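Residue numbers (the UniProt record's numbering), protein chains in the order written: chain A, 1 to 334; chain B, 1 to 334.
2 protein chains.
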Amino acid sequence: MGPTIKDVAKKANVSVATVSRVLNNQPGYSEKTKKKVLQVIEEMGYQPNAIARGLINKRTQTIGVLFPSVSSMFSSGVLHGIEHTAHERDHSVIVCNTDEDGKRTMKYLQVLREKQVDGIIFTSEVMKEEYYNALTMMNIPVVLLATSSVRYPFPFVKVDDKQAAYSATEYLIKKGHRKIAMISGTEEDPIAGTPRIEGYREALGDYGIPFQKNLLVFGDFGYRSGRIAMEKLLQTKAEFSAVFAASDEMAAGAINVAYQHGIKVPDHLSVIGYDNLQIAEMSVPPLTTVAQPLFEMGKLAAEMLLTMIETGTRVESRIMPHTIIERQSVAQLS
Amino acid sequence: MGPTIKDVAKKANVSVATVSRVLNNQPGYSEKTKKKVLQVIEEMGYQPNAIARGLINKRTQTIGVLFPSVSSMFSSGVLHGIEHTAHERDHSVIVCNTDEDGKRTMKYLQVLREKQVDGIIFTSEVMKEEYYNALTMMNIPVVLLATSSVRYPFPFVKVDDKQAAYSATEYLIKKGHRKIAMISGTEEDPIAGTPRIEGYREALGDYGIPFQKNLLVFGDFGYRSGRIAMEKLLQTKAEFSAVFAASDEMAAGAINVAYQHGIKVPDHLSVIGYDNLQIAEMSVPPLTTVAQPLFEMGKLAAEMLLTMIETGTRVESRIMPHTIIERQSVAQLS
DNA sequence: CGTTTTAACGTAAACGTTTACGTTAAGGCT
DNA sequence: AGCCTTAACGTAAACGTTTACGTTAAAACG
Chain A
1 MGPTIKDVAK
11 KANVSVATVS
21 RVLNNQPGYS
31 EKTKKKVLQV
41 IEEMGYQPNA
51 IARGLINKRT
61 QTIGVLFPSV
71 SSMFSSGVLH
81 GIEHTAHERD
91 HSVIVCNTDE
101 DGKRTMKYLQ
111 VLREKQVDGI
121 IFTSEVMKEE
131 YYNALTMMNI
141 PVVLLATSSV
151 RYPFPFVKVD
161 DKQAAYSATE
171 YLIKKGHRKI
181 AMISGTEEDP
191 IAGTPRIEGY
201 REALGDYGIP
211 FQKNLLVFGD
221 FGYRSGRIAM
231 EKLLQTKAEF
241 SAVFAASDEM
251 AAGAINVAYQ
261 HGIKVPDHLS
271 VIGYDNLQIA
281 EMSVPPLTTV
291 AQPLFEMGKL
301 AAEMLLTMIE
311 TGTRVESRIM
321 PHTIIERQSV
331 AQLS
Chain B
1 MGPTIKDVAK
11 KANVSVATVS
21 RVLNNQPGYS
31 EKTKKKVLQV
41 IEEMGYQPNA
51 IARGLINKRT
61 QTIGVLFPSV
71 SSMFSSGVLH
81 GIEHTAHERD
91 HSVIVCNTDE
101 DGKRTMKYLQ
111 VLREKQVDGI
121 IFTSEVMKEE
131 YYNALTMMNI
141 PVVLLATSSV
151 RYPFPFVKVD
161 DKQAAYSATE
171 YLIKKGHRKI
181 AMISGTEEDP
191 IAGTPRIEGY
201 REALGDYGIP
211 FQKNLLVFGD
221 FGYRSGRIAM
231 EKLLQTKAEF
241 SAVFAASDEM
251 AAGAINVAYQ
261 HGIKVPDHLS
271 VIGYDNLQIA
281 EMSVPPLTTV
291 AQPLFEMGKL
301 AAEMLLTMIE
311 TGTRVESRIM
321 PHTIIERQSV
331 AQLS
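Okay, structure coming up:
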């Protein structure tokens with residue numbers, strides 16, 4: 001299609017080796033031939049072929065990123081961070097949507113292997129043995145993002161879910177709330193499920209508040225499930241002045257059904273979310289939430305992956321700080 | 001690293017050509033050798049190298065997608081659609097975040113060229129001559145998504161912005177509103193700016209409502225700008241019972257400041273948005289909006305691109321239908 | 001001036017595939 | 001039996017780079 005390095009070499013009256021050398025600016029040619037080569041390159045509009053390059057260098061300057069759902073606000077936040085540093089450090093990113101489907105995930109891992117990506121970021125999903133095996137077979141760096149695994153020793157970057165959940169409920173308690181419900185995510189999720197419940201219960205315990213089983217309901221982190229969970233909470237007799245939702249989307253769902261029932265937030269009910277997605281700011285009322293620094297997490301994960309790729313060394317996992325973003329969805333109780 | 005086709009050939013006592021043939025199931029071998037080869041492949045865990053393949057086939061099974069901002073809900077919606085059909089049709093997608101920056105865009109176009117992508121989807125941004133030149137130099141299929149260009153003849157998929165804006169304001173009018181403000185996006189944007197203003201004005205005109213200059217304010221499609229625009233609207237003396245925002249994010253901003261001013265939506269003020277992002281459903285009150293079928297647009301754009309890639313033929317542009325999603329942010333006036 | 005060093009190149013193999021072309025042997029046909 | 005077809009392979013070139021190694025001539029050195 002376009003001119004190749006051979007065409008350039010011919011037109012510049014040098015060998016392909018010389019052209020290659022000036023391209024990668026290695027030594028071995030005079031200033032004069034360098035000018036000449038550069039000029040011919042310009043004239044012909046030559047562009048190197050990264051595929052041929054990749055074949056011989058065994059490096060594609062490309063990383064793969066697996067998301068359970070690319071279209072979630074969570075994913076797009078971290079993707080932004082990943083893309084940012086990847087581009088900064090001359091790598092491209094291939095996005096993969098697993099749909100939380102094992103078959104699809106395995107297929108994607110195979111594709112990434114065949115495409116010879118230099119590294120993989122695996123986000124938000126729990127690492128199954130099947131994935132682990134495929135990943136290790138590939139012999140390339142992997143970093144886990146917003147997930148982790150004790151069994152499988154990949155470095156990860158995430159917040160301390162239990163601690164963050166503790167902070168959220170403690171915040172509610174310090175605002176004077178004692179009857180605090182929780183809308184949890186998937187109960188069995190060992191990353192974003194149980195740890196957050198533990199944090200909630202531990203905070204309750206530390207402040208001498210008894211845990212009430214009927215104040216704990218479950219969703220799947222999604223908006224719809226937040227609505228359903230809130231309905232369930234409303235149907236039970238138990239009183240509560242605040243709810244801690246394990247995701248902003250579920251918090252939005254909760255606020256929405258509260259609104260439909262004429263329950264005003266924060267006047268009649270306080271709500272705190274988790275994630276600090278874009279929707280938290282845009283919500284009515286703006287949602288107080290415990291923030292995960294999505295963009296920074298994406299950046300950091302990519303940085304870790306790239307240094308592993310470039311240096312071949314292992315890298316330490318990182319716990320990111322969470323913060324509480326105070327907006328207007330929780331009231332101070334007197 | 002892993003075993004190559006040569007290793008397989010050796011172990012199976014056949015030539016590389018034969019292995020290649022069974023891999024791509026072309027004819028030219030007995031059933032027995034096929035079994036043998038397949039078995040050896042299984043044993044050795046052989047995986048083809050797509051880079052080597054790409055070098056000779058001149059096809060990488062990869063497409064590039066350019067977004068002004070990957071983290072916007074709009075982008076993630078269409079990305080989901082693109083990824084869906086790309087995967088279905090055995091292609092990977094490289095995401096590029098242009099930040100609406102010319103330099104960055106050009107850099108990305110160069111990268112995509114060097115990486116030999118098979119086609120490019122260019123989204124949401126106006127096509128500059130510089131981009132057009134780079135794109136045509138590459139000699140690969142391009143489709144425009146949520147943008148278009150009369151000057152540069154790339155096929156596109158988008159909704160009819162003017163018509164959609166017309167529908168939105170007409171909807172408001174039919175609900176009994178006569179004093180209708182508009183929060184427009186960037187005034188100069190020839191795709192999502194002026195056409196939507198024209199639709200608004202034309203609807204007004206068709207129903208005998210005079211256009212009031214002070215009821216038209218500008219933002220940049222983002223949430224913050226929606227807030228600012230709403231403040232501006234509130235400061236002017238002019239009365240209005242409804243506002244048409246040219247993006248859901250700006251609508252969310254408008255609702256939010258209305259809420260802060262004690263103006264209840266839809267009781268005191270009706271709001272209609274544009275896009276039907278996730279936030280529209282999650283908003284309080286749920287936002288009535290004119291929907292662009294983001295997922296389908298992404299799917300279609302990818303389908304068009306892939307058929308161009310596979311067949312080498314040109315393909316027709318497509319106008320996608322827009323629909324009004326009625327939720328609870330606009331009131332019927334008596 | 002003869003020898004050694006070095007700058008400035010060129011040659012060709014290698015990366016892992018695909019594929020055009022050639023070869024062999026078996027089988028079919030007259 | 002002799003000839004032709006064809007199934008079933010193998011050989012080697014090609015894709016566009018990088019790079020180890022070889023070569024040449026000039027410069028440096030004694």
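From the three backbone atoms N, C-alpha and C, an ideal C-beta is built for every residue, glycine too. Treat the numbers as computed from the prediction; the structure is a model and nothing was measured.
For Asn97(A), there is no enclosing alpha helix (DSSP H); the residue is found in the beta strand (DSSP E) stretching over Ser92 to Asn97. Residue contact check for Ala254(B) against chain A: no CB pair falls below 8 Å. Contact annotation for Lys128(A) against chain B: no contact, minimum CB-CB distance about 19 Å [criterion: below 9 Å].
Listed in chain order, the positions of the region 274-291 of chain B with a beta carbon within less than 8 Å of a beta carbon of chain A are Gln278, Ile279, Glu281, Met282, Ser283, Val284, Pro285 and Pro286. Contact annotation: the region 95-107 of chain A does not touch the region 29-47 of chain A, with fewer than three C-beta pairs closer than 8 Å. Restricting attention to Gly222(B), Ser69(B) and Pro155(B), the CA atom closest to the CA of Ile319(B) is found in Pro155(B). In the three-state scheme derived from DSSP, where H, G and I count as helix and E and B as strand, Gly298(B) is classed as helix. Contact annotation for Leu55(A) against chain B: Ile51, Ala52 and Leu55 [CB-CB distance below 7 Å, chain order]. Around the beta-carbon of Asn139(B), fewer than 16 other beta-carbon atoms lie within 10 Å, marking it exposed. With 16 or more other Cβ atoms from the protein chains shown falling within 10 Å of its own Cβ, Asp161(B) counts as buried.
DSSP, read as helix, strand or coil, puts Phe122(A) in strand. Ala254(B) places its beta carbon 8 Å or farther from that of Thr289(B).
One alpha carbon belongs to Pro153(A), the other to Val315(A), and they sit about 11 Å apart.
Counting other Cβ atoms within 10 Å of its Cβ, Thr147(A) reaches 16 or more and is therefore classed as buried. Assignment of Met182(A) by DSSP, reduced to helix, strand and coil, places it in the strand class. With 16 or more other Cβ atoms from the protein chains shown falling within 10 Å of its own Cβ, Lys299(A) counts as buried. Approximately 36 Å separates the beta-carbon atoms of Gly185(A) and Gln116(A); this is outside 8 Å, ruling out the contact.
Beta-bridge analysis with DSSP links Asp275(B) to Ala291(B). Per DSSP, the continuous alpha helix (DSSP H) segment holding Ala164(A) begins and ends at Asp161 to Lys174. Lys158(B) is bridged by DSSP to Ile319(B).
Annotated as proximal: Ser76(A) and Ser76(B), with beta-carbon spacing under 8 Å. Shortest Cα-Cα distance from Gly193(A) to any of Leu234(A), Phe240(A) and Gln163(A) involves Gln163(A). Neighbours of Glu83(B) in chain A, taken as residues whose beta carbon is under 7 Å from its own, are Val70, Val95 and Asn97 in chain order. The C-beta of Met297(B) comes no closer than 8 Å to any C-beta of chain A.
Per DSSP, reduced to three states, the secondary structure at Ala192(B) is coil, with no helix or strand assignment. Straight across, the Cα-Cα distance linking Phe240(A) with Glu202(A) is about 18 Å.
One finds nothing in chain A with a Cβ atom closer than 7 Å to the Cβ of Met106(B); even the nearest lies about 13 Å away. In the DSSP assignment, Val143(A) falls within the unbroken beta strand (DSSP E) covering Val142 to Leu145. Secondary structure remark: continuous alpha helix (DSSP H) runs of at least 4 residues inside the UniProt domain "HTH lacI-type" (3-57) of chain A, in chain order: 5-12, 16-23, 31-44 and 50-57.
In the structure shown, Leu216(A) adopts extended strand secondary structure according to DSSP, grouped into three states. Cβ neighbours of Leu23(B) within its own chain (closer than 7 Å, five residues either side excluded): Pro48.
In the three-state reduction of the DSSP assignment, Gly208(B) falls in the coil class. For Val243(B), the secondary structure class from DSSP, reduced to helix, strand or coil, is strand. Rounded to the nearest whole angstrom, the CA to CA distance from Val16(A) to Ala9(A) is 5 Å.
Between the alpha carbons of Asn133(A) and Val93(A) lies a gap of roughly 22 Å.
Take Phe211(B), set aside five residues on each side of it, and the residues of its chain with a beta-carbon closer than 8 Å to its own are Arg201, Leu204 and Gly205, in chain order.
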